[in-house]
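In the working numbering, the protein residues as written are 1013 to 1317.
The next block holds one structure in the form of structure tokens; read it before the comments.
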Ligand SMILES: Cc1ncc(C[n+]2csc(CCOP(=O)(O)OP(=O)(O)O)c2C)c(N)n1
Ligand code: SF4
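Structural data, given as structure tokens:
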């Protein structure tokens, strides 16, 4: 492996036209014309995009049939950087937008990629009902414990006692335990990782892409600019160390037991992987009961029973 100094040398030689850099394996998946991106140094969002690109490339899915939907926020900017049919929607509305997209085009794989504020605060109602209905969406939620883009305000995932711009004396609310919420509402696949667990994230994303129904992956992602420095957790690299030291992999853990506490241990792993009919499967079955042979069904998998 090259040292940082060797990499810096290689880059500067390349910029002077001396050396041709090997192609980045995920470059074909990114909108390079949109670079440089807006994310701060040490932010974890880009790391997760790299994992997503790898998961998609390994999935062998037809990328013309994959759509990415984001809401508003730093995490929501993912939609702008991936070279897919992607939609940067309004704040909190990624899931309803994605639901419409999926129901109108059932053959698409629809991924929702957004922040904890976007999906669990203003978008929380849409989240619980899409999980309840088991709409076939692959939801990837980046949890940096705050509203990043708007200045680091307290949100529904901020751990108790944490400092944010709007809780100068420390947060005094109980945060959501998102895996437990997702499971309780009916998600068929629930996993949590941190931005340190890059291989596991890519693996979980691959599993979610192959699974039918409402899948949910929470990824803890550092926000050095507005959360970790303010809470004496340091920069991006310090956060990686913190994630490494504080995480415990417990596949199949009861989601009741995986709540996050301020600077406490982080339980990661795949917690839920079950089968349940999707919204469209239920709709097809139910409507066919009444309309019988008049019903043509929705989606390429529809078979009249
Ligand atoms: C209806 C509406 N309310 C509020 C906002 C302001 N707003 C933009 S992004 C954001 C928070 C995003 O937080 P999160 O989803 O956690 O994403 P992050 O920036 O932390 O990645 C808010 C409140 C908005 N754009 N629209
Ligand atoms: S403000 Fe935080 S979440 Fe937003 S880009 Fe910067 S580090 Fe990332």
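Just so it is clear, CB atoms sit at the ideal spot from N, CA and C, and this is done for glycine as well.
Could you check the C-alpha separation between residue i and residue j for me, to the nearest Å?
| i | j | result |
| --- | --- | --- |
| residue 1013 | residue 1252 | With a pLDDT of 47 at residue 1013, under the threshold of 50, the predicted position of this residue should be treated as unreliable, though the coordinate-derived value follows. If you take the alpha carbons of residue 1013 and residue 1252, they lie about 20 Å apart. |
| residue 1148 | residue 1165 | 31 Å |
| residue 1303 | residue 1118 | 20 Å |
| residue 1241 | residue 1247 | 6 Å |
| residue 1059 | residue 1115 | 30 Å |
| residue 1158 | residue 1234 | 10 Å |
| residue 1307 | residue 1291 | 17 Å |
| residue 994 | residue 1229 | Any answer about residue 994 is impossible in this case: the structure gives the chain only from 1013 up to 1317. |
| residue 1055 | residue 1245 | 13 Å |
| residue 1143 | residue 1226 | 6 Å |
| residue 1108 | residue 1088 | 15 Å |
| residue 1074 | residue 1259 | 35 Å |
| residue 1203 | residue 1211 | 13 Å |
| residue 1198 | residue 1145 | 8 Å |
| residue 1136 | residue 1191 | 13 Å |
| residue 1042 | residue 1095 | 5 Å |
| residue 1298 | residue 1309 | 10 Å |
| residue 1275 | residue 1257 | 11 Å |
| residue 1177 | residue 1243 | 11 Å |
| residue 1313 | residue 1293 | 9 Å |
| residue 1138 | residue 1105 | 8 Å |
| residue 1033 | residue 1040 | 15 Å |
| residue 1068 | residue 1097 | 14 Å |
| residue 1076 | residue 1049 | 24 Å |
| residue 1239 | residue 1187 | 15 Å |
| residue 1300 | residue 1249 | 55 Å |
| residue 1224 | residue 1061 | 22 Å |
Is any non-hydrogen atom of ligand 1 found closer than 6 Å to the C-beta of residue i, if you look at the structure I gave you?
| i | result |
| --- | --- |
| residue 1128 | yes |
| residue 1159 | yes |
| residue 1084 | yes |
| residue 1138 | no |
| residue 975 | For the chain, the structure presents residues 1013 to 1317; residue 975 sits outside this window and is missing. |
| residue 1087 | yes |
| residue 1156 | yes |
| residue 1178 | no |
| residue 1101 | no |
| residue 1162 | yes |
Could you tell me which residues DSSP puts in a beta bridge with residue i?
| i | result |
| --- | --- |
| residue 1155 | 1232 |
| residue 1259 | 1278 |
| residue 1254 | Bridge partners of residue 1254: none, in fact. |
| residue 1223 | The partner list for residue 1223 (beta bridge, DSSP) is empty, contrary to what the question assumes. |
| residue 1100 | 1082 |
| residue 1205 | 1231 |
| residue 1042 | 1094 |
| residue 1270 | Bridge partners of residue 1270: none, in fact. |
| residue 1240 | Answer by DSSP bridge pairing: none, since residue 1240 is not bridged. |
| residue 1127 | 1154 |
| residue 1165 | 1159 |
| residue 1285 | 1201 |
| residue 1122 | 1079 |
| residue 1302 | Paired residue(s): none; residue 1302 is not in a bridge. |
| residue 1176 | 1179 |
At a threshold of 6 Å, does residue i count as lining ligand 2 (C-beta to nearest heavy atom)?
| i | result |
| --- | --- |
| residue 1063 | no |
| residue 1052 | yes |
| residue 1111 | no |
| residue 1237 | yes |
| residue 1243 | no |
| residue 1055 | yes |
Just confirm the distance between the C-beta atoms of residue i and residue j, as a whole number of angstroms; I'd bet it's less than 8 Å.
| i | j | result |
| --- | --- | --- |
| residue 1133 | residue 1168 | 5 Å |
| residue 1189 | residue 1271 | 4 Å |
| residue 1255 | residue 1207 | 7 Å |
| residue 1126 | residue 1083 | 4 Å |
| residue 1085 | residue 1161 | 5 Å |
| residue 1090 | residue 1140 | The pair is not a contact, with the Cβ atoms about 22 Å apart (cut-off 8 Å). |
| residue 1232 | residue 1278 | 7 Å |
CB residue i to CB residue j, shorter than 7 Å?
| i | j | result |
| --- | --- | --- |
| residue 1038 | residue 1081 | no |
| residue 1155 | residue 1130 | no |
| residue 1281 | residue 1070 | no |
| residue 1112 | residue 1100 | no |
| residue 1151 | residue 1121 | no |
| residue 1283 | residue 1273 | no |
| residue 1163 | residue 1173 | no |
| residue 1214 | residue 1066 | yes |
| residue 1201 | residue 1269 | no |
| residue 1052 | residue 1170 | no |
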